[in-house]
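Our numbering applies: residue 2 is where the sequence shown begins, and numbers increase by one.
The C-beta atom is built at its ideal place from N, Cα and C for all residues, glycine as well.
The block underneath contains the structure these notes are about, expressed in structure tokens.
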Amino acid sequence: MNFKISLAEYINKKIVDLLAMQNPDGTFGNYLLSNAQYPFHTMAFALKKLPASPWHNSEQLKSATIKALKYFYSIIDDEGKTEFYGHSGSKWGKYIPGGWRMFCWQETLKLLGDDLPEDLFFNHKKKILEILNIHYVEMQKQMAADPEPFKKHAHNLLIWKALMLYRAGILWQNSEWEKLGADILDKAVKAQQGDGWWSEGGPIVGYNLVTALAISLYAEWSREPMAMKATEKAAHYHEIFSYPDGFPVETIDGRQRFSHSHIIPSLFIPPSFSRFPKGQVYLKQVLSNINQAHIFDIGAIHGFSFLSFTYENLAENVAEDITADKPVQILPALKSAVIKSEGWYSALCGYENQPHAGGFHLERQNLLSVWHEKTGLIIGGGHSNYQPEFSNFNVFDHRGILHYLHSNPKIQAQENEMKLTMTYGGLSAYILVRAEDARHITIRYGIESFAEEVFAAYAVRTNLILAVCPGSIITTGENRVELNEKSILWTEEDFGNGIEHNHWKLLIPQRKIESAMIKWPFYPYNSYRQDRKSELASAALIVTAQLFPDEPFIEYRIEILP
């Protein structure tokens with residue numbers, strides 16, 4: 002695959018969709034999220050610099066770009082602030098635009114230059130420089146108060162503000178801006194964890210790409226060796242924690258859940274990944290998937306805004322032969338392992354965390370995911386908050402206290418098998434995954450030692466979280482049921498030996514003492530809405546079973562149907 006040709010094809014194709022959804026006022030679609038209103042640099046890049054683009058010098062695209070710029074300018078008040086709209090149109094208050102938005106705005110103005118009306122260029126430049134100076138003064142004060150801002154967490158917003166300032170120094174010939182931006186970015190590079198991630202309450206995947214893109218662009222522009230080395234480590238991390246279709250693995254991610262509404266992988270694509278074998282594997286997965294997508298999700302406009310920077314900095318020469326990894330990879334520091342074997346991808350991620358502390362962070366509850374190339378995600382979906390049903394184990398001790406967050410994780414892996422052992426309230430439990438062949442995988446939940454005296458002190462319930470497709474059909478024997486808002490509670494009498502859905506079958510063993518139960522729907526916590534509610538599209542179907550001394554484990558088997 003030629004990365005540049007593939008990405009150019011996507012940009013050219015999706016500008017058609019972008020223009021079709023532009024409103025007369027310059028906005029795009031009816032999506033209020035502020036992130037979706039500044040794709041003008043990619044538009045400007047296709048207009049001026051994208052080789053052999055049918056949009057080169059297009060009056061239609063030029064007019065659309067100017068409309069988008071005018072709209073963005075119009076929503077900024079005299080104090081340099083604008084309202085930020087979150088998901089579902091919720092308002093999060095006024096702020097001074099910086100980071101991603103300012104970065105794209107100033108780059109677009111510099112790129113178009115004389116192509117813009119003189120008054121537009123002058124007014125936009127004046128406003129941009131005013132806002133940049135506000136950011137510079139604030140960031141100076143911030144760094145003076147806290148010279149090491151990434152000791153605990155490397156927040157992506159500060160890193161993008163630093164990149165904005167670094168580039169502003171170059172674009173507008175201001176050495177003080179450039180130096181402060183570079184100093185902060187250098188600190189961010191040093192804050193990277195050994196496995197290639199930046200901590201935002203622990204390891205993440207989605208936002209880690211946002212940070213990796215900023216560091217990658219800094220590395221490409223500055224040629225700073227440490228920054229380039231950081232992007233190589235990030236490339237390895239994302240190649241491991243990405244499904245083979247390019248979508249991020251939610252199991253290790255402490256901020257974002259898996260979503261069926263995401264029709265393409267993240268469009269935050271670090272160009273430096275193209276310089277390293279692991280990154281090349283990742284880029285092939287992402288670019289293949291986005292080019293196969295026929296729908297342009299308006300929420301993806303956010304990432305689309307940066308594809309021009311990715312294109313311009315991709316490496317020209319890419320190795321064709323990449324050595325395949327072993328079927329099982331283990332990451333001891335992250336207490337995690339993954340299986341990539343015969344169409345399967347499965348992850349066990351035991352990274353330990355603290356109980357929910359608010360904000361956008363999630364408790365790490367659901368430690369298992371299983372994906373297949375024919376079906377997509379089968380088990381998993383990500384973490385939640387305050388919801389024990391989204392935890393793999395619920396353990397009640399003799400005082401009646403519920404323990405649903407794990408501690409003391411230990412990971413083991415060999416051949417096509419991996420095992421995560423951890424404790425809940427002092428009781429040792431485990432999850433074992435074994436990829437048997439191209440159509441079968443086995444998952445076992447168990448207690449390491451469940452003697453009668455232990456049973457007297459603990460009650461244990463396991464939860465297998467299924468990432469089903471709401472609105473579609475689930476089959477149990479002779480029954481066919483649509484997964485809608487109506488609640489489901491099934492026991493063995495209802496589901497027999499298992500259920501079928503989306504080209505897979507889950508085989509559920511019969512229990513001697515108490516049947517496993519299937520419940521639907523469970524709505525996860527949504528940290529991106531002020532009311533924290535989620536939609537049916539995010540709901541999970543959960544298989545729950547209690548463990549006893551005579552049945553200290555339960556073993557499920559997934560079969561991919563012909």
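query	result
Exposure of Glu-233, with buried meaning 16 or more beta-carbon neighbours within 10 Å	buried
C-alpha distance - Asp-78 paired with Tyr-39, whole-angstrom precision	17 Å
Exposure label - Gln-286; buried when at least 16 CB within 10 Å	buried
Local conformation of Leu-562 per DSSP, three classes	coil
Coil, strand or helix - Ile-168 by DSSP	According to the sequence provided, residue 168 is Arg. The question's Ile does not apply to it. Reduced to three states, the DSSP call for Arg-168 is helix.
Contact check, Trp-56 vs Ala-47, beta carbons under 9 Å	yes
Identified DSSP bridge partners for Thr-422	Lys-411, Tyr-431
From Asn-157, Arg-276, Gln-547, residue whose alpha carbon lies closest to that of Glu-456	It should be pointed out that residue 456 corresponds to Phe in this sequence rather than to Glu. It is Gln-547.
Uninterrupted alpha helix (DSSP H) stretches inside the region 201-282 (no shorter than 4 residues)	207-223, 226-241
Alpha-carbon spacing of Gln-23 relative to Leu-490, whole angstroms	45 Å
Which of helix, strand or coil DSSP assigns to Gly-182	helix
Simplified DSSP assignment, three categories, for Gly-114	helix
Beta-carbon spacing of Leu-164, Gly-100 below 9 Å	yes
8 Å contact criterion, which Ser-516 and Glu-501 should meet: CB distance rounded	In fact, because the Cβ distance is near 19 Å, the residues do not count as touching under 8 Å.
Cβ-Cβ distance between Met-419 and Ala-338 below 9 Å	yes
For His-154 and Pro-148, the rounded distance between their alpha carbons	14 Å
Residue from Gly-472, Phe-242, Gly-383, Glu-560 whose Cα sits closest to the Cα of Ile-260	The sequence given here places Ser at residue 260; Ile does not occur at that position. With distances taken between Cα atoms, Ser-260 lies closest to Gly-383.
Coil, strand or helix - Asp-187 by DSSP	helix
C-beta atoms of Gln-425 and His-404 nearer than 9 Å	Here residue 425 is Tyr; the residue named in the question, Gln, does not match the sequence. Yes, Cβ-Cβ distance for Tyr-425 and His-404 is below 9 Å.
Cβ neighbour criterion (16 or more within 10 Å) applied to Lys-534	exposed
Whole beta strand (DSSP E) elements within the region 56-89, 3-residue minimum	83-86
For Asn-290, the three-state DSSP class (helix, strand or coil)	helix
Every unbroken alpha helix (DSSP H) inside the region 300-363 [4 residues or more]	302-305, 308-314
Burial state of Leu-562 (16 or more Cβ within 10 Å)	exposed
Residue from Leu-378, Ser-306, Ile-444, Ser-273 with nearest C-alpha to Glu-251	Leu-378
Tyr-137 to Val-469 span [Cα, whole Å]	47 Å
Span of the beta strand (DSSP E), counted from its first residue to its last, around Asn-464	459-467
Beta-carbon gap between Pro-1 and Lys-341 smaller than 9 Å	Coverage of the chain is limited to positions 2 through 563, which leaves residue 1 absent and any answer about it impossible.
Stretch pair the region 261-273 + the region 300-317: three plus CB contacts closer than 8 Å	yes
Short Cβ contact (9 Å threshold) for Leu-315 with Lys-5	yes
Inter-residue CB distance, Gly-197 and Tyr-238 (contact presumed, cutoff 8 Å)	3 Å
Same chain, Cβ closer than 8 Å to Glu-317, neighbours up to 5 away in sequence not counted	Lys-5
Straight-line gap, Ile-412 to Ile-16 (C-alpha atoms, nearest Å)	46 Å
Short Cβ contact (9 Å threshold) for Gln-415 with Val-329	yes
Under 9 Å between C-beta atoms of Phe-496 and Ile-466	no
Local conformation of Met-2 per DSSP, three classes	coil
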